[in-house]
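Working notes for the structure below.
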Amino acid sequence: MTGAVRQRLEPDARREQILEAAIELFGERPYAAVSTAELARAAGVTRGLLHHYFGTKRGLYLEVVRQMLIVPRMTLPAEVGDGLEDRIDACVDWLLDLVAKHGRTFVAVSGAEGVGDDPEVDRLLVEADDKAARRILTLIGLDAETVASPRVRAIGRAYGAFAKGAIREWVREGSLTRADVHAVLASALRAIVAEVVAGLGAAEPRVPGARAERHT
1 MTGAVRQRLE
11 PDARREQILE
21 AAIELFGERP
31 YAAVSTAELA
41 RAAGVTRGLL
51 HHYFGTKRGL
61 YLEVVRQMLI
71 VPRMTLPAEV
81 GDGLEDRIDA
91 CVDWLLDLVA
101 KHGRTFVAVS
111 GAEGVGDDPE
121 VDRLLVEADD
131 KAARRILTLI
141 GLDAETVASP
151 RVRAIGRAYG
161 AFAKGAIREW
171 VREGSLTRAD
181 VHAVLASALR
191 AIVAEVVAGL
201 GAAEPRVPGA
211 RAERHT
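Counting in UniProt numbering, the final residue of the sequence shown is number 216, and the numbers go up one at a time with none missing.
This is the structure in structure tokens:
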């Protein structure tokens, strides 16, 4: 990459370029096996520019973790029905679509491979697990009061851990297909909703009027 091309990139585009290169490299090898020089070379920038945007290799890795694991807000497509089955299928499809683009990196960072004991990484993993649980449970139709329950959130986080294991079998081990993972995650989510609802003494999930997630 020439210096002229580097000058034409806006700061946000340059930062994104570095981040994309890091996402690829950390998916190929553990954190400790990737050097700052390699990251800069893969991104087509100087080490100084990498440090300018992310501070250190660790800072860049933390941003990769955020990008890979913090589940974004999502609104169900208009064609998705209001039934629980439809919402669950759409939610699982959406989750697997998110993972599919950088599956190996998702698996690597969700297990904090090669990082060792890093409190900031641990904090990010906990934050990501809780947000994923909250957003998925909201998306399938549980209302804010239900999702705010510590018990419900704990069940959601346990589901997230199960989902990570299934995704690992698909992406890294090749022992499951995407269709297999979809089937098992959808079935597990249906069972979880039934258990949550039964535990709360309700006949069915309470569905908020708006389809988009409103609570972060």
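Even glycine gets a Cβ: it sits at the ideal position worked out from N, Cα and C. This structure is a prediction, so every number in the text was calculated from the model and none was measured.
Anticipated Cβ contact below 8 Å, residue i with residue j, distance rounded
i	j	result
TRP170	VAL181	5 Å
ILE140	ILE88	5 Å
VAL126	LEU137	Rounded, the Cβ-Cβ distance is 17 Å, inconsistent with contact.
Collapsed DSSP secondary structure at residue i in the structure displayed
i	result
THR75	strand
LEU25	helix
ILE70	coil
HIS102	coil
GLY156	helix
PRO30	coil
THR36	helix
GLY48	helix
VAL121	helix
ASP82	coil
GLU63	helix
GLU10	coil
Rounded C-alpha distance that separates residue i from residue j
i	j	result
ALA37	ALA166	34 Å
LYS57	VAL184	37 Å
GLY48	ARG41	12 Å
GLU195	VAL64	34 Å
VAL92	ASP86	10 Å
GLY55	PRO150	36 Å
GLY44	ALA32	21 Å
LEU142	ALA128	19 Å
LEU60	VAL193	37 Å
ALA132	THR46	35 Å
ASP122	ILE70	13 Å
Residue i CB to nearest heavy atom of the ligand GDP below 7 Å
i	result
GLU38	Here there are no bound small molecules, and the ligand GDP is not part of this structure.
Next on the checklist: Just to confirm the assignment: which complete alpha helix (DSSP H) runs, minimum length 4, are found wholly within the region 135-197?
Outcome noted: 144-147, 150-168
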